[in-house]
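Q:
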């Protein structure tokens, strides 16, 4: 692998991670800053500011890759629609290029996490794989024939918006659906399941925190589940059940060699992954019911690492 340094930026619904990564991949510089609730202009300025800061820290970096949680026109780098950030109808690649003195390549954040796991992580050596990133929302990417699948215009693989419960919770942001896997199994959904479980079990750790006025979010659910709280564990297992229903459909449609689960919610480990895996084993058609369901090897850094790799690849191909 090349040692050429590249800057990777992974923009999420609540935070922006920017790092300088070489081809090993070794992260040579990294910083995270909040991004939640930012306007379009502020998001672009924040991206440019952090990318330029990374370049100042590592002047040998020669390219930039940016992953954003949006449906993109892949050729132009134009954000067509978004759910968890206000980026809709934004020519983000053009705007960034004006502020960053390096070649900039833009792609969907789930695609770039998939690229990272295919090059360096849990899907390396495969030609067909699927990845879900589970955080504020759910994104994902498909590795097909040894490359990222993007669909007719580059906007494909919005895996978080497969409906798993037609009567489920309304989806987030601009999505008009109910019961998408994002609405039922994301970190946001785990927090909601936790609040509901706390209300049903006032003597549980979650119930006591709810009574004390604490905000019950995915982080609090994780803390309680780690301490063995049954209400918290049931909330995570419920999300895993819904996640597994989506994985059954993905398995039947795509027949991947492996399904990789990444993003911040993977901190829940087998509490989330095991019920999802069981759904695949029980309900996917043969032989897809034997598809391995594993945690991402690169963890939450996959998006940033994949962005850096993509920026380097696009610059080398130019």
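In my numbering, the protein residues as written are 18 to 335.
Where a beta carbon is used, it is the ideal one built from N, C-alpha and C, also for glycine.
Tell me, which residues are paired with residue 49 by DSSP?
A: Stepping through the chain shown from its first residue, residue 49 is reached at position 32. 34.
Q: If I measure Cβ to Cβ from residue 123 and keep anything under 7 Å in the same chain, skipping five residues before and after, which residues do I get?
A: By one-based count along the chain shown, residue 123 stands at place 106. Hits under 7 Å: 83, 85, 89, 94, 109 and 110.
Q: Within 8 Å, do at least three Cβ pairs link the stretch 157-168 to the stretch 237-254?
A: Too few Cβ pairs lie closer than 8 Å, so no.
Q: Please tell me whether residue 208 and residue 231 are closer than 8 Å, where the distance is taken between their beta carbons.
A: For the purposes of this step, residue 208 is taken as residue 191 along the chain shown, with counting starting at 1. For the purposes of this step, residue 231 is taken as residue 214 along the chain shown, with counting starting at 1. For residue 208 and residue 231, no; Cβs fall outside 8 Å.
Q: According to DSSP, is residue 141 part of a helix, a strand, or is it coil?
A: Taking the first residue of the chain shown as 1, we reach residue 141 at position 124. Coil, per DSSP.
Q: Please name the residue in 156, 178 and 143 whose C-alpha comes closest to that of residue 162.
A: In the chain shown, residue 162 corresponds to position 145, counting from 1. Ranking the options by Cα distance to residue 162, first place goes to 143.
Q: Work out the CA separation of residue 62 and residue 52 for me, nearest whole Å.
A: Reading the chain shown from its first residue, position 35 is the one you call residue 52. Reading the chain shown from its first residue, position 45 is the one you call residue 62. Looking at the two C-alpha atoms, the distance is approximately 11 Å.
Q: Going by the CB atoms, is the gap between residue 227 and residue 215 shorter than 8 Å?
A: As a working note, residue 215 is residue 198 in the chain shown. As a working note, residue 227 is residue 210 in the chain shown. For residue 215 and residue 227, yes; Cβs fall inside 8 Å.
Q: Let me know if residue 183 comes out buried or exposed under the rule of 16 or more other beta-carbons within 10 Å of its beta-carbon.
A: Position 166 of the chain shown, counted from the start, is the residue given in the question as residue 183. Burial call: exposed.
Q: Between which two residues does the beta strand (DSSP E) harbouring residue 107 extend?
A: Position 90 of the chain shown, counted from the start, is the residue given in the question as residue 107. No beta strand (DSSP E) holds residue 107; DSSP gives it neither H nor E.
Q: Going by DSSP, which residues form a beta bridge with residue 88?
A: Residue numbering aside, residue 88 sits at position 71 when the chain shown is read from its first letter. Residue 88 pairs with 98.
Q: Taking just the CA atoms, how far does residue 313 sit from residue 34?
A: Counting from one through the chain shown, the residue named residue 34 turns up at place 17. Counting from one through the chain shown, the residue named residue 313 turns up at place 296. Taking the straight line joining both Cα atoms gives about 17 Å.
Q: Only counting the same chain, and skipping five residues up and downstream in sequence, which positions put a Cβ closer than 7 Å to that of residue 281?
A: The residue you call residue 281 lines up with position 264 of the chain shown. The residues are 152, 204 and 317.
Q: What residues match up with residue 312 in a beta bridge as DSSP calls it?
A: Taking the chain shown and counting its residues from 1, one reaches residue 312 at position 295. Note: residue 312 sits in a beta bridge opposite 278.
Q: With DSSP collapsed to three states, give me the class of residue 147.
A: For the purposes of this step, residue 147 is taken as the residue at position 130 of the chain shown. Three-state result, residue 147: strand.
Q: If contact is defined by three or more beta carbon pairs under 8 Å, each pair taking one atom from either stretch, is the stretch 286-300 in contact with the stretch 130-148?
A: The stretch 130-148 vs the stretch 286-300: no contact.
Q: The beta strand (DSSP E) spanning residue 207 covers which residue range?
A: Locating residue 207 in the chain shown gives position 190, where the first residue counts as 1. No beta strand (DSSP E) holds residue 207; the alpha helix (DSSP H) holding it covers 204-217.
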